[in-house]
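Chemist:
Number of protein chains: 2
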Amino acid sequence: MKFSTRAEYGLKAMINLAHTFPGQKSIKELSEEESISLKYLERLMGTLKKNGLVLSTKGQSGGYVLSKKPSQMTAGEVIEALDGPIAPMKCTSSNCAIAKSCNSSTIWTELEHQIKKTLYGYTLKKLTDKK
Amino acid sequence: MKFSTRAEYGLKAMINLAHTFPGQKSIKELSEEESISLKYLERLMGTLKKNGLVLSTKGQSGGYVLSKKPSQMTAGEVIEALDGPIAPMKCTSSNCAIAKSCNSSTIWTELEHQIKKTLYGYTLKKLTDKK
DNA sequence: TAATATCCTACCAAATAGGTATGTATTGAT
DNA sequence: ATCAATACATACCTATTTGGTAGGATATTA
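Chains as they are written, first to last, in the numbering used here: chain A, 175 to 305; chain B, 175 to 305.
1) Under 9 Å between C-beta atoms, does N277 of chain A make it to chain B?
2) Going along the region 181-206 of chain B in order, which residues come within less than 8 Å of chain A, judged by CB to CB distance?
3) Quick check: what's the CA-CA separation for K202 of chain B versus G220 of chain B?
4) Which chain A residues sit within Cβ distance under 9 Å of I346 of chain B?
5) Please name the residue in B:T297, B:S200, B:M188, B:M175 whose C-alpha comes closest to that of G233 of chain B.
6) Closest Cβ-Cβ distance between K243 of chain A and chain B: below 9 Å?
7) Can you tell me whether L212 of chain A is buried or exposed? The criterion is at least 16 other CB atoms within 10 Å of its CB, across all chains shown.
8) Taking the beta carbon of G184 of chain B as the centre, do at least 16 other beta carbons fall within 10 Å, making it buried, or is it exposed?
9) Determine the burial state of P244 of chain A: buried for a count of at least 16 other Cβ atoms within 10 Å of its Cβ, exposed for fewer.
10) In terms of residue numbering, what span does the beta strand (DSSP E) encompassing S230 of chain B cover?
11) Residues in the region 226-260 of chain A with C-beta within 7 Å of chain B's C-beta atoms, listed in sequence order?
12) Taking the alpha-carbon positions, what's the N190 of chain B to Y294 of chain A distance?
13) Bridge partners for K199 of chain B per DSSP, in chain order?
14) Express the C-alpha separation of A187 of chain A and R180 of chain A in angstroms, rounding to a whole number.
15) Let me know the secondary structure DSSP gives K176 of chain A once reduced to three states.
16) With contact counted as at least three CB pairs below 8 Å, one residue from each stretch, are the region 282-296 of chain B and the region 250-266 of chain B in contact?
17) Are L227 of chain A and P196 of chain A close, meaning C-beta to C-beta below 9 Å?
18) Does the distance from the CB of S278 of chain B to the CB of L301 of chain A come in under 9 Å?
19) CB-CB under 8 Å to I253 of chain A, same chain, minus the five flanking residues each way: which ones, in chain order?
20) Out of A:E208, A:T231, A:G236, A:K224, which has the shortest C-alpha to C-alpha gap to S275 of chain B?
21) Using 10 angstroms around the beta-carbon of L229 of chain A, count the other beta-carbons present and answer buried if the total reaches 16, otherwise exposed.
22) In whole angstroms, what separates the C-alpha of K291 of chain B from that of S235 of chain A?
Written as structure tokens, this is what we have:
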């Protein structure tokens, strides 16, 4: 059971952007500061943008900004944007037909709830204050 | 973020064994009742045995039994036996050098704690009673 | 117009998941 | 003693995911 490094890298980059908020920062700066491959981070920022979590300006002196205040953006949003829906077991996401009579389903459902509660409980602001 | 079907299948099989406890049951029966490929389940039971969660008797009319009472065996044990250590991010398992100054590490650590709390909070007995 | 960004798409290697195939060893029943 | 049923072991296979790289197109500004 693991989250991908996508989620790790993305969260790090978003925390970095939370620090500089409401200023913007280029991928180049982000990748150097967080030691993430520039080309890979480029793709991650692309999907974060597609999901509306960051805004971008192109061209020279362009870069990325958070689309919301750090106090209003949660780690859960970032992670689901990059890794897809949080659903620890297929049966919790795909409406299993036998869920009602299945002994296992309760545990996966509760687990999903706990994970979401934790991840959506952390705003980027909370994470930047942590240090 | 997903657990493997290994964990799902294994947990189902163990819940089944909890129902028949302290009786034993063959892989053939288990695989038919839970609709899991016999050969695949064979392997899963093998690793469960290696981890001491089940006992087996070979030969005709052989099979598997839980090594502990259902009230003393948790879903967490089963899942970690099959899927490896519960550690949502590499940095929480491999003693990252910069963990203390890392803004992200707290969230992964808390998440790991919450997941373990949930999974080790469910005994097989609790799951069999659920229906 | 040159430099610096984002953006877009295709490719790639390694690992993992999920499963099959084949055979061996052990035991109970006939 | 033999046969059938079972656990046990290992090698193989295919598809998907992960974590990247490569090369360029597009937009903006100095």
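Built from N, CA and C at the ideal position, the CB exists for glycine as well.
Modeler: This is what the structure holds:
1) Sequence index remark: in the first sequence, residue 277 of chain A carries index 103 (1-based). Cβ-Cβ to chain B under 9 Å: yes for N277 of chain A.
2) Of all residues in the region 181-206 of chain B, A181, E182, L185, K186, I189 have a Cβ within less than 8 Å of some Cβ in chain A.
3) Your numbering for residue 202 of chain B matches position 28 in the second sequence. Your numbering for residue 220 of chain B matches position 46 in the second sequence. In a straight line, the C-alpha of K202 of chain B is about 14 Å away from that of G220 of chain B.
4) Residue coverage of chain B in this structure runs from 175 to 305, which leaves residue 346 of chain B outside it and unanswerable.
5) Numbered from its first residue, the second sequence carries residue 233 of chain B at position 59. If we check each option's Cα against that of G233 of chain B, B:S200 comes out closest.
6) Reading the first sequence from its first residue, position 69 is the one you call residue 243 of chain A. Judged by the 9 Å Cβ criterion, K243 of chain A is not in contact with chain B.
7) Against the first sequence, residue 212 of chain A aligns to sequence position 38. Exposed, by the Cβ-count rule.
8) Numbered from its first residue, the second sequence carries residue 184 of chain B at position 10. It counts as buried.
9) Start at 1 with the first residue of the first sequence, and residue 244 of chain A comes out as number 70. Buried: at least 16 other Cβ atoms inside 10 Å.
10) Position 56 of the second sequence holds residue 230 of chain B. For S230 of chain B, the enclosing beta strand (DSSP E) starts and ends at 228-231.
11) A249, D257, I260
12) The sequence position of residue 190 of chain B within the second sequence is 16, counting from 1. The sequence position of residue 294 of chain A within the first sequence is 120, counting from 1. Approximately 35 Å, taken between the alpha carbons.
13) Residue numbering aside, residue 199 of chain B sits at position 25 when the second sequence is read from its first letter. Answer is B:Y238, bridged to K199 of chain B.
14) Counting from 1 along the first sequence, the entry for residue 180 of chain A is found at position 6. Counting from 1 along the first sequence, the entry for residue 187 of chain A is found at position 13. For R180 of chain A and A187 of chain A, the distance between alpha carbons rounds to 10 Å.
15) As a working note, residue 176 of chain A is residue 2 in the first sequence. In the structure shown, K176 of chain A sits in a strand (DSSP, three-state: E or B).
16) yes
17) The residue you call residue 227 of chain A lines up with position 53 of the first sequence. The residue you call residue 196 of chain A lines up with position 22 of the first sequence. Against a cut-off of 9 Å, the Cβ pair of P196 of chain A and L227 of chain A comes out as no contact.
18) Along the second sequence, one-based indexing puts residue 278 of chain B at 104. Along the first sequence, one-based indexing puts residue 301 of chain A at 127. Yes, Cβ-Cβ distance for S278 of chain B and L301 of chain A is below 9 Å.
19) Along the first sequence, read from residue 1 onward, the residue named residue 253 of chain A stands at position 79. Cβ neighbours of I253 of chain A beyond the five flanking positions: F177, A181, G184, L185, I260, L293.
20) For the purposes of this step, residue 275 of chain B is identified with residue 101 of the second sequence, where counting begins at 1. Checked all of A:E208, A:T231, A:G236, A:K224; the closest Cα to S275 of chain B is A:E208.
21) Translated into the one-based positions of the first sequence, residue 229 of chain A becomes position 55. L229 of chain A should be labelled exposed.
22) As a first step, residue 291 of chain B is located in the second sequence; it is residue number 117 there, counting from the start. As a first step, residue 235 of chain A is located in the first sequence; it is residue number 61 there, counting from the start. So the alpha carbons of these two residues sit roughly 47 Å apart.
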